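Engineer: With my numbering as the guide, the letters of the sequence shown map in order to residues 178 to 454. Every residue, glycine too, gets a C-beta built ideally from N, C-alpha and C. These numbers were taken from a predicted model, which means no experiment stands behind them. Handing you a structure now.
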Amino acid sequence: MEDAGRAQRGRRRSLEYLLGIFLGPSAAAAAGARRLQGKTAVVTGASRGIGKGIAVALGEAGAKVFVTGRRKEAVEATAALATRAGGEGVAVICDHAVDEQVKDAFARIQVQTGGKLDILVNNAFQDPAQRDAKSDELLGKGAKFFELPLQVWDDVHRVGLRSHYVSSYYAAPLLLNAASGDWRPLLCVTSAPAAVTYYYATAYGVAKAGSDRLVRDLQVEFGPLGIDCVSIWPGVVYTEFVQSLYEKGDVERINRVTGGRDPNVWNLDGRNPGLGF
């Protein structure tokens with residue numbers, strides 16, 4: 178019974194930060210999210226958007242945050258924000274479409290953390306609309322899957338579903354080394370309601386559903402070893418991309434990307450429809 182109680186306390190501590198990130202600063206403090214001093218975290222694909230927000234929030238909680246991404250200046254900027262927020266941000270340049278770069282990134286992280294990792298947030302994602310003008314135009318018009326380049330499928334599955342698997346693979350030894358009776362490391366994947374309902378494009382929804390299933394199966398294998406795995410649905414977030422759509426007045430595309438929800442309403446009243454708060 179004593180061991181079970183310690184495991185439960187360790188799970189609670191590792192999950193507290195998650196509530197704080199998505200419920201806001203006051204809730205973060207109430208949930209004890211500032212207890213991450215001395216803890217280490219990796220947020221993949223954190224040069225912008227949701228990953229950037231999570232990295233900064235982990236910095237606010239006092240963690241040492243390794244920020245990965247392809248664009249050097251953007252990754253370094255996020256790392257600097259995490260440091261300014263109260264933690265220690267470390268930029269790690271890495272293309273998550275290239276397995277060897279991911280392997281090398283976690284090897285460098287292993288050296289800097291003494292072989293331990295407390296939190297992994299799998300967030301890297303390749304938006305097919307950002308790859309080329311043709312895909313951007315077609316997705317903007319709500320093109321059907323058979324009207325889109327096949328590359329759209331590869332984009333969201335290579336840097337998205339597959340990259341989550343690869344990062345988890347190389348992070349596994351570090352997460353296992355951090356597990357103890359008082360702390361259960363956390364492996365997290367940023368998913369979306371598209372896992373269960375249509376959003377944006379068919380390939381996107383399949384990738385999100387696959388990400389959720391990946392987390393469920395990782396929990397089966399990792400759970401007994403002292404690591405917890407969760408999938409989060411941030412809901413509608415006012416990212417740089419969504420902001421650009423508002424600036425362009427592209428209401429039709431905003432509705433396709435957000436499922437008809439208004440990010441401004443979500444931000445103003447503090448509710449997150451993706452999490453049901």
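Name the residue from 362, 389, 289 whose alpha carbon lies nearest to the alpha carbon of residue 370.
Structural biologist: Sequence index remark: in the sequence shown, residue 370 carries index 193 (1-based). Looking at the Cα atoms, 389 is the closest of the given residues.
Engineer: Using the rule of at least 16 other Cβ atoms within 10 Å of the residue's Cβ for burial, across every protein chain shown, is residue 346 buried or exposed?
Structural biologist: As a position in the sequence shown, residue 346 is number 169, starting the count at 1. With fewer than 16 Cβ atoms within 10 Å of its Cβ, residue 346 is classed as exposed.
Engineer: Write down the C-beta distance between residue 213 and residue 238 rounded to the nearest angstrom, noting that I regard them as a contact closer than 8 Å.
Structural biologist: Taking the sequence shown and counting its residues from 1, the one referred to as residue 213 is at position 36. Taking the sequence shown and counting its residues from 1, the one referred to as residue 238 is at position 61. About 4 Å; that satisfies the 8 Å criterion.
Engineer: Measure the C-alpha to C-alpha separation of residue 288 and residue 404 and round it to an integer number of angstroms.
Structural biologist: Position 111 of the sequence shown holds residue 288. Position 227 of the sequence shown holds residue 404. Their Cα atoms are separated by approximately 21 Å.
Engineer: So residue 335 and residue 303 are supposed to be a Cβ contact under 8 Å. How far apart are they, rounded?
Structural biologist: Along the sequence shown, read from residue 1 onward, the residue named residue 335 stands at position 158. Along the sequence shown, read from residue 1 onward, the residue named residue 303 stands at position 126. Residue 335 to residue 303, Cβ: 7 Å. Contact.
Engineer: Taking all protein chains shown into account, decide if residue 229 is buried (16 or more other Cβ within 10 angstroms of its Cβ) or exposed.
Structural biologist: Residue 229 sits at position 52 when you count from the first residue of the sequence shown. Per the 10 Å Cβ criterion, buried.
Engineer: In the DSSP output, what is residue 405 paired with across the bridge?
Structural biologist: Along the sequence shown, read from residue 1 onward, the residue named residue 405 stands at position 228. Its beta-bridge partners are 363.
Engineer: Ignoring anything shorter than 4 residues or poking outside the region 366-404, list the alpha helix (DSSP H) runs there in chain order.
Structural biologist: The region 366-404 contains these whole alpha helix (DSSP H) runs: 379-399.
Engineer: Quick one: what's got a C-beta closer than 6 Å to residue 407's C-beta in the same chain, skipping five residues either side?
Structural biologist: Residue mapping note: residue 407 aligns to position 230 of the sequence shown, counting from 1. Excluding residues within five positions, the ones whose Cβ falls inside 6 Å are 365.
Engineer: Quick one: grab the DSSP three-state call for residue 300.
Structural biologist: Numbered from its first residue, the sequence shown carries residue 300 at position 123. Correct three-state label for residue 300: coil.
Engineer: Is residue 216 helix, strand or coil when you go by DSSP?
Structural biologist: For this step, residue 216 is matched to residue 39 along the sequence shown. Of the three classes helix, strand and coil, the one that applies to residue 216 here is coil, per DSSP.
Engineer: Exposed or buried, what is residue 397 when buried is set at 16 or more other beta-carbons lying within 10 Å of its beta-carbon?
Structural biologist: Taking the first residue of the sequence shown as 1, we reach residue 397 at position 220. Label assigned to residue 397: exposed.
Engineer: Hey, would you say residue 337 sits closer than 8 Å to residue 268, going by beta carbons?
Structural biologist: The sequence position of residue 337 within the sequence shown is 160, counting from 1. The sequence position of residue 268 within the sequence shown is 91, counting from 1. Going by C-beta atoms, residue 337 is not nearer than 8 Å to residue 268.
Engineer: Leaving aside the five residues before and after residue 330 along the sequence, list all residues of the same chain whose C-beta is less than 7 Å from its C-beta, in chain order.
Structural biologist: Position 153 of the sequence shown, counted from the first residue, corresponds to residue 330. Closer than 7 Å at Cβ, skipping near neighbours: 380.
Engineer: Which residues mark the beginning and the end of the alpha helix (DSSP H) in which residue 279 is found?
Structural biologist: Against the sequence shown, residue 279 aligns to sequence position 102. 276-290 is the extent of the alpha helix (DSSP H) around residue 279.
Engineer: Report the three-state DSSP secondary structure of residue 309 (helix, strand or coil).
Structural biologist: In the sequence shown, residue 309 corresponds to position 132, counting from 1. It is coil, neither helix nor strand.
Engineer: Tell me, which residues are paired with residue 266 by DSSP?
Structural biologist: Locating residue 266 in the sequence shown gives position 89, counting from the first residue. Looking at the DSSP assignment, residue 266 forms a beta bridge with 242.
Engineer: Rounding to the nearest angstrom, what Cα-Cα distance links residue 198 and residue 236 in this structure?
Structural biologist: Here residue 198 corresponds to residue number 21 of the sequence shown, with the count starting at 1. Here residue 236 corresponds to residue number 59 of the sequence shown, with the count starting at 1. Bear in mind that the predicted position of residue 198 carries a pLDDT of just 49, short of 50, making it unreliable; the figure below should be weighed with that in mind. When rounded, the distance between both Cα atoms is 11 Å.
Engineer: What residue range is occupied by the uninterrupted alpha helix (DSSP H) comprising residue 258?
Structural biologist: For the purposes of this step, residue 258 is identified with residue 81 of the sequence shown, where counting begins at 1. 249-261 is the span of the alpha helix (DSSP H), which, as asked, contains residue 258.
Engineer: Give the DSSP bridge partners of residue 357, in chain order.
Structural biologist: Numbered from 1 along the sequence shown, position 180 holds the residue referred to as residue 357. Per DSSP, 360.
Engineer: If distances are taken between C-alpha atoms only, which option among 411, 342, 351 comes closest to residue 274?
Structural biologist: As a first step, residue 274 must be located in the sequence shown, where it is residue number 97. It is 342.
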